[in-house]
Amino acid sequence: MDLLDWLGLFFGFQGDNVKNQRENLVLHLANSQMRLQPPPAAVDSLDSGILHRFQQKLLKNYTSWCSYLGKKSQVRLPKHHNPNRQRNELLYVCLYLLIWGEAANMRFAPECLCYIYHHMAMELNYILDDHIDENTGQLFVPSTCGQFGFLNNIVTPFYVTIKGEVGRSRNGTAPHSAWRNYDDINEYFWSRCFQRIKWPIDIRNI
3 MDLLDWLGLF FGFQGDNVKN QRENLVLHLA NSQMRLQPPP AAVDSLDSGI LHRFQQKLLK
63 NYTSWCSYLG KKSQVRLPKH HNPNRQRNEL LYVCLYLLIW GEAANMRFAP ECLCYIYHHM
123 AMELNYILDD HIDENTGQLF VPSTCGQFGF LNNIVTPFYV TIKGEVGRSR NGTAPHSAWR
183 NYDDINEYFW SRCFQRIKWP IDIRNI
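Take the sequence shown: its letter number 164 is residue 166 in my numbering, and every next letter is one higher.
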């Protein structure tokens with residue numbers, strides 16, 4: 003079991019998504035490693051700078067979103083000499099890729115993805131810290147844990163909401179005040195999300 007399998011198991015991602023994102027990640031990192039000049043001495047080891055630059059690029063919107071809302075990023079990396087740094091950085095990268103891989107139409111609401119990632123990264127940190135759930139007295143288990151957990155608890159409710167809004171639009175003939183598009187829904191995740199939306203997301207509060 004690798005890190006992607008581990009995340010898929012804990013956070014309820016689909017197996018095909020795990021396979022696709024593993025290929026996506028390996029190809030991206032390998033291509034970047036091959037372009038390094040001069041070539042690294044240890045050709046069979048990943049250069050830490052490649053992973054860090056990819057992480058910064060991939061999570062750039064999330065970082066900006068946290069800054070705008072005054073929220074502390076849930077990407078917590080040990081200091082450079084810590085042997086767990088690369089593992090943790092890979093976990094945060096893989097988590098985002100897995101969310102994006104199953105996000106479907108939520109990709110049209112990028113700040114919604116930021117909100118989801120923020121809370122799932124928080125739950126990842128609970129796992130890494132061996133956090134005890136105060137409600138159960140047991141080790142913390144993510145809210146999407148279980149087969150198809152992410153699809154059922156996050157993706158499907160969002161899809162059903164969007165489908166309902168499309169129906170209210172009457173093929174675009176209804177006044178805009180009568181329905182919401184992706185931009186309208188995404189707006190909540192720039193401002194009111196932490197006041198109105200719970201975790202896991204209760205889409206009815208949007």
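No residue lacks a Cβ here, since even glycine has one placed at the ideal position from N, Cα and C.
Alpha carbon to alpha carbon, how far is Trp67 from Gln39? As a position in the sequence shown, residue 67 is number 65, starting the count at 1. As a position in the sequence shown, residue 39 is number 37, starting the count at 1. For Trp67 and Gln39, the gap between their C-alpha atoms comes out near 33 Å.
For Tyr119, tell me which candidate among Asn19, Ile203, Gln197, Asp186 has the shortest Cα-Cα distance. Residue numbering aside, residue 119 sits at position 117 when the sequence shown is read from its first letter. For the residues Asn19, Ile203, Gln197, Asp186, the minimum Cα distance to Tyr119 belongs to Ile203.
So, Leu60 versus Tyr98, is the Cβ gap smaller than 8 Å? Residue numbering aside, residue 60 sits at position 58 when the sequence shown is read from its first letter. Residue numbering aside, residue 98 sits at position 96 when the sequence shown is read from its first letter. Cβ atoms of Leu60 and Tyr98: closer than 8 Å.
By a C-beta neighbour count over all protein chains shown, 10 Å radius and 16 as the cutoff for buried, is Gly17 buried or exposed? As a working note, residue 17 is residue 15 in the sequence shown. That one is exposed.
State the DSSP-derived secondary structure class of Leu38, mapped to helix, strand or coil. Along the sequence shown, one-based indexing puts residue 38 at 36. Three-state result, Leu38: coil.
For Met36, does the count of other Cβ atoms within 10 angstroms reach 16, so buried, or fall short, so exposed? Residue 36 sits at position 34 when you count from the first residue of the sequence shown. With fewer than 16 other Cβ atoms within 10 Å, it is exposed.
Give me, in chain order, the residues of the same chain whose beta-carbon lies closer than 7 Å to that of Gln76; leave out the 5 immediate sequence neighbours on both sides. Your numbering for residue 76 matches position 74 in the sequence shown. Contacts found: His120, Ala123, Met124, Asn127.
Once the 5 residues before and after Asn155 are set aside, which same chain residues still bring their CB inside 6 Å of it? Here residue 155 corresponds to residue number 153 of the sequence shown, with the count starting at 1. In its chain, beyond the 5 residues on either side, Thr146, Pro202 have a beta carbon closer than 6 Å to the beta carbon of Asn155.
Within the same chain, show all residues whose beta-carbon is closer than 8 Å to that of Leu6, passing over the 5 residues directly before and after it, in chain order. The residue given as residue 6 occupies position 4 in the sequence shown. So the list reads Val20, Gln23, Arg24, Leu27, Cys96, Leu100, once near-sequence residues are dropped.
If you draw a straight line from the alpha carbon of Ala180 to that of Phe142, how long is it in whole angstroms? For the purposes of this step, residue 180 is identified with residue 178 of the sequence shown, where counting begins at 1. For the purposes of this step, residue 142 is identified with residue 140 of the sequence shown, where counting begins at 1. At Ala180, the pLDDT of 49 sits below 50, so the modelled position is not reliable and the matter cannot be decided from this model.
So for Leu79, helix, strand or coil by DSSP? Residue numbering aside, residue 79 sits at position 77 when the sequence shown is read from its first letter. If DSSP states are grouped into helix, strand and coil, Leu79 belongs with coil.
Alpha-carbon to alpha-carbon, Gly51 and Glu91: Taking the first residue of the sequence shown as 1, we reach residue 91 at position 89. Taking the first residue of the sequence shown as 1, we reach residue 51 at position 49. Glu91 and Gly51 have their alpha carbons spaced roughly 11 Å apart.
Which of helix, strand or coil does DSSP assign to Leu141? Position 139 of the sequence shown, counted from the start, is the residue given in the question as residue 141. Assigned with DSSP and collapsed to three states, Leu141 falls in strand.
Starting from Trp201, follow the alpha helix (DSSP H) in both directions and report where the run begins and ends. Counting from 1 along the sequence shown, the entry for residue 201 is found at position 199. Premise fails: Trp201 is in no alpha helix (DSSP H) and is neither H nor E.
Just grab the DSSP bridge partners of Ile134 for me. Taking the first residue of the sequence shown as position 1, residue 134 is located at position 132. In the DSSP output, where bridge partners are listed per residue, Ile134 has Leu141.
If you count every other CB in all the chains shown that lies within 10 Å of the CB of Ile3, and 16 or more means buried, which is it? One-based indexing of the sequence shown puts residue 3 at position 1. A small fix is needed here, since residue 3 is Met in this sequence, not Ile. With fewer than 16 other Cβ atoms within 10 Å, it is exposed.
Start and end residues, alpha helix (DSSP H) containing Cys147: Within the sequence shown, numbered from 1, the residue matching residue 147 stands at position 145. Premise fails: Cys147 is in no alpha helix (DSSP H) and is neither H nor E.
To which residues of the same chain is Phe110 closer than 7 Å at the C-beta, ignoring the five residues directly before and after it? Within the sequence shown, residue 110 is the residue found at index 108, counting from 1. These residues qualify, in order along the chain: Tyr184.
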